[in-house]
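Peer 1: What follows is a structure written as structure tokens; I'll ask about it next.
2 protein chains.
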Amino acid sequence: MHAPQLVERVRKGDRRALARAITLVENGAEELSAIMAGLAPGTGRARVVGFTGSPGVGKSTTTNAVVRAVRAKGLTVAVLAVDPSSPFTGGALLGDRVRMQEHATDPGVYIRSMANRGHLGGLSWATPHALRVLDAAGFDVILVETVGVGQAEVEIAGRADTTVVLSAPGMGDAVQAAKAGVLEVADVFAVNKADRDGARVTLRELRQMVAMKDRADDEWKPPIVMTVAAEDEGVAELWERVEEHFAHLEATGGLAVRRRARARDEVQAIVLERLRSRLGGLGEETGLDALAREVAEGRSDPYAAAEVLLEELGA
Amino acid sequence: MHAPQLVERVRKGDRRALARAITLVENGAEELSAIMAGLAPGTGRARVVGFTGSPGVGKSTTTNAVVRAVRAKGLTVAVLAVDPSSPFTGGALLGDRVRMQEHATDPGVYIRSMANRGHLGGLSWATPHALRVLDAAGFDVILVETVGVGQAEVEIAGRADTTVVLSAPGMGDAVQAAKAGVLEVADVFAVNKADRDGARVTLRELRQMVAMKDRADDEWKPPIVMTVAAEDEGVAELWERVEEHFAHLEATGGLAVRRRARARDEVQAIVLERLRSRLGGLGEETGLDALAREVAEGRSDPYAAAEVLLEELGA
């Protein structure tokens, strides 16, 4: 399929074309620049909602329940799972995978995992491209699921229009881990498995953390929702909070700011990837490998080597 | 403290100088290029061992026990914790933190956490710098602890001379998550909490995965060690396997290959950071923000915008 045909079919929401386009993204294919140029005019419509949290808090169960809530509103929805432990990516227990299948025959739902671990910056580079494809395909809502532990993964979740951070009771160190960077990106908190012991403690801890942050009067204060996603409890309320946050972004102009920031990251990632591949090329011909050897053996230092390469790049 | 003084004192292993140098790394300070140039001649001696695995497998307990085993061999050791959930970084339970303190008065042990989440690529950029400082300070062994979930974190662990991947029984989906990329970087496996139910199952799963991979006859086959790190069980054996792997690398020339790859990454990371900051600068003056706006609004696409910037960079 040539780029113009693929673009045409993606824009119609054709499933095979979507799958093909995202595979091209995963492979970093050359056609991408033509495809993205073709898709650009149709983008900017979808609401992008990130879901993140430590392994075990129930991200996939929650995502699945949210898909149901969004469909109940008559909206179409795509799920992009960049979490390696997600059942979407084939990483988790069979029970979860079966649960996902309830959406398999719904034409208003599309689920796709991203397996790209190929190169440094891989996820940061590939995720915005995949979002762009799903956006152009006309989905009303895109849910991005990432594990809330890695640096790249947290950054990806934080670049959504609305970022939902999930916790669960009884995960002492996981909640602590979350503090390290995940909480800063939260627009909405969900305490999942809220029927378990310790849910009130988790709620209280989150409340304290939310309260501690200084905010202007008109600034968004992240609400906290208690959910039992496996039983669909609290999920409609969670989605309401997400919609409120989106409305707040629209009303304050924050939406355009976030989307420009996302586009900025995307452009930078492409520029840096192009320069990186040029570096690799230079290396083979003119000596990145030789420079690396000198650095490894203590005969040079990485900054001096970097200066040599920058000169060779002409930058 | 000026760069030459700092370099002098780092090379003597002065604790305050070490702490200061790594803080400069975390802040991406300008002095770094002078400091790294000064430290270069003393580097390349330390053995770098990475420890990674999902949250909850006992990474910190194992690292702590390994510190003891390494000290018992008369070697000095530095720990660099880039795991946000590590007790070294203040993320975990008090009990763990107390346990670490056994090394607080040992002049042959230095423990440092990395809190840098500041910018995209932060950890990938900062970690090799911090390793370089600890290497120049003369430690025989450097243990790098990262959580085995994020893309950047797994890559960091995989760039060690020897990478130890930890599992624990009864962590179904965590072990599954590990499969997504962590296993590929393993030189040695440890099944921690091996006194718990399910340890044999985990061992069998790992054995199968190790067996499934095609290897040349002289290629290293990752051994699997059963440990109960909290009781010091199996830890001496774990360290023996690490030493055997290191000896194998030395004998086959693999060590130099790995270290050149690490240096290559390091040089590339510096080049890309410099270009990235130049991009930011260009943006303010000549229009990255304007380009990002066009992309966000669907009036341009990220590749077209990237081309404009590459031309402006002169690259």
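Read top to bottom, the protein sequences are chains A and B.
Going by my numbering, 120 is the number at position 115 of the first sequence; the sequence numbering is gapless.
Going by my numbering, 232 is the number at position 227 of the second sequence; the sequence numbering is gapless.
Just so you know, even glycine gets a beta-carbon here, dropped at the ideal spot from N, CA and C.
Note that the structure is predicted; figures quoted are calculated from it, not measured.
Can you give the Cα-Cα distance for H7 (chain A) and G113 (chain A), rounded to whole angstroms?
Peer 2: H7 (chain A) and G113 (chain A): Cα-Cα distance of roughly 26 Å.
Peer 1: Near A74 (chain B), which residues of its chain fall below 6 Å by C-beta distance, leaving aside the five closest residues on each side in sequence?
Peer 2: Result list for A74 (chain B): V240, A241 and W244, in chain order.
Peer 1: Closer than 8 Å, CB to CB, is D202 (chain B) near chain A or not?
Peer 2: Not one chain A Cβ lies under 8 Å of D202 (chain B).
Peer 1: Sort out for me which residues DSSP pairs L318 (chain A) with in a bridge.
Peer 2: Paired residue(s): none; L318 (chain A) is not in a bridge.
Peer 1: Quick one: which residues of the segment 271 to 285 of chain B get their C-beta closer than 7 Å to a C-beta of chain A? List them in chain order.
Peer 2: Listed in sequence order: E271, V272, Q273, I275, V276, L277, R279, L280, R281 and L284.
Peer 1: In chain A, what lies closer than 8 Å to Y115 (chain B) by C-beta?
Peer 2: Neighbours of Y115 (chain B) on chain A: none; closest Cβ ~20 Å, over 8 Å.
Peer 1: So is V30 (chain A) in contact with chain B if we call contact Cβ pairs under 8 Å?
Peer 2: For V30 (chain A), the answer is no, since every Cβ of chain B falls outside 8 Å of its Cβ.
Peer 1: From B:Y308, B:D270, B:G258 and B:A256, pick the residue whose C-alpha is nearest to that of A268 (chain A); which is it?
Peer 2: When each option's Cα is compared against that of A268 (chain A), the closest is B:Y308.
Peer 1: Buried or exposed, going by whether 16 or more other CB atoms sit within 10 Å of the CB of V84 (chain B)?
Peer 2: With 16 or more other Cβ atoms within 10 Å, it is buried.
Peer 1: Tell me, to the nearest whole angstrom, how far the beta carbon of I147 (chain A) is from that of V53 (chain A); I am working on the premise that it is less than 8 Å.
Peer 2: So it is a contact: roughly 5 Å between Cβ atoms.
Peer 1: Identify the contact partners of S305 (chain B) in chain A, using a Cβ-Cβ distance below 8 Å as the criterion.
Peer 2: Under the 8 Å cutoff, chain A gives A45.
Peer 1: Rounded to the nearest angstrom, what separates K78 (chain B) and A142 (chain B) at their Cα positions?
Peer 2: Approximately 19 Å, taken between the alpha carbons.
Peer 1: Should R50 (chain A) go down as buried or exposed, given a rule of 16 or more other Cβ atoms within 10 Å for buried?
Peer 2: Exposed, since its Cβ has fewer than 16 Cβ neighbours within 10 Å.
Peer 1: Candidates B:A131, B:A70, B:I161 and B:W130: which alpha carbon is nearest R263 (chain B)'s?
Peer 2: The option with the nearest alpha carbon to R263 (chain B) is B:I161.
Peer 1: Quick one: Cα of Q156 (chain B) to Cα of S118 (chain A), how far?
Peer 2: Cα-Cα distance, rounded: 15 Å.
Peer 1: Classify E271 (chain A): buried if its beta carbon has 16 or more other beta carbons within 10 angstroms, exposed otherwise.
Peer 2: By the 10 Å Cβ count, E271 (chain A) comes out buried.
Peer 1: Per DSSP, what are the beta-bridge partners of M231 (chain A) in this structure?
Peer 2: Answer is A:V196.
Peer 1: At a cut of 8 Å, does the segment 131 to 140 of chain A reach the segment 25 to 34 of chain A through at least three beta carbon pairs?
Peer 2: Judged by Cβ distances under 8 Å, the segment 131 to 140 of chain A makes contact with the segment 25 to 34 of chain A, as three or more pairs qualify.
Peer 1: To the nearest angstrom, how far is it from the Cα of G285 (chain B) to the Cα of A274 (chain A)?
Peer 2: Going by the C-alpha atoms only, they are around 12 Å apart.
Peer 1: So who's on the other strand from S171 (chain B), going by DSSP bridges?
Peer 2: According to the sequence as given, residue 171 (chain B) is Leu; it is not Ser. L171 (chain B) pairs with B:A195.
Peer 1: So, is the C-beta of A135 (chain A) closer than 8 Å to a C-beta in chain B?
Peer 2: So, not an interface residue.
Peer 1: Does the segment 205 to 216 of chain A come into contact with the segment 255 to 262 of chain A, if we say contact requires no fewer than three beta-carbon pairs (one atom in each stretch) closer than 8 Å?
Peer 2: No, the segment 205 to 216 of chain A is not in contact with the segment 255 to 262 of chain A.
Peer 1: Could you please give the first and the last residue of the uninterrupted beta strand (DSSP E) stretch that includes T1 (chain B)?
Peer 2: With chain B covering 6 to 320 only, the question about residue 1 (chain B) has no answer from this structure.
Peer 1: With 16 other CB atoms within 10 Å as the buried threshold, where does E150 (chain B) fall?
Peer 2: Buried is the call here.
Peer 1: Roughly how many angstroms lie between the CA atoms of L44 (chain B) and Q106 (chain B), to the nearest whole one?
Peer 2: Distance between the alpha carbons of L44 (chain B) and Q106 (chain B): 29 Å.
Peer 1: For D294 (chain B), return the contacting residues in chain A, with the cut-off set at a CB-CB distance below 9 Å.
Peer 2: Near D294 (chain B) (Cβ distances below 9 Å), the residues of chain A are R265 and R269.
Peer 1: Can you give me the Cβ contacts of P133 (chain B) inside the same chain, cut-off strictly under 6 Å, excluding the 5 residues immediately before and after it?
Peer 2: So the list reads E271, once near-sequence residues are dropped.
Peer 1: Just verifying my parser: in three-state terms, what is the DSSP assignment at R164 (chain B)?
Peer 2: It is coil, neither helix nor strand.
Peer 1: In this structure, does DSSP put V75 (chain A) in helix, strand or coil?
Peer 2: Note: V75 (chain A) maps to helix in three-state DSSP.
Peer 1: Quick one: using the 10 Å Cβ neighbour count with 16 as the cut-off for buried, is D166 (chain A) buried or exposed?
Peer 2: D166 (chain A) should be labelled buried.
Peer 1: Within 8 Å of any Cβ in chain A, is that where the Cβ of Q10 (chain B) sits?
Peer 2: Answer no: the Cβ-Cβ gap between Q10 (chain B) and chain A never drops below 8 Å.
Peer 1: Return the CA-CA distance between G61 (chain A) and R283 (chain A), expressed in angstroms with no decimal places.
Peer 2: When rounded, the distance between both Cα atoms is 41 Å.
Peer 1: Check the Cβ of M41 (chain B) against every Cβ in chain A and list those closer than 7 Å, keeping chain order.
Peer 2: Within chain A, the residues near M41 (chain B) are D306, P307 and Y308.
Peer 1: Answer with buried or exposed for A252 (chain A), where buried requires no fewer than 16 other C-beta atoms within 10 angstroms of its C-beta.
Peer 2: By the neighbour-count rule (16 or more Cβ atoms within 10 Å), A252 (chain A) is not buried but exposed.
Peer 1: With 8 Å set as the bound, which would you pick, yes or no: does the beta-carbon of Q213 (chain B) sit closer than that to a beta-carbon of chain A?
Peer 2: So no, Q213 (chain B) is outside the interface.
Peer 1: Closest Cβ-Cβ distance between A301 (chain B) and chain A: below 8 Å?
Peer 2: Yes - at least one Cβ of chain A is within 8 Å of the one on A301 (chain B).
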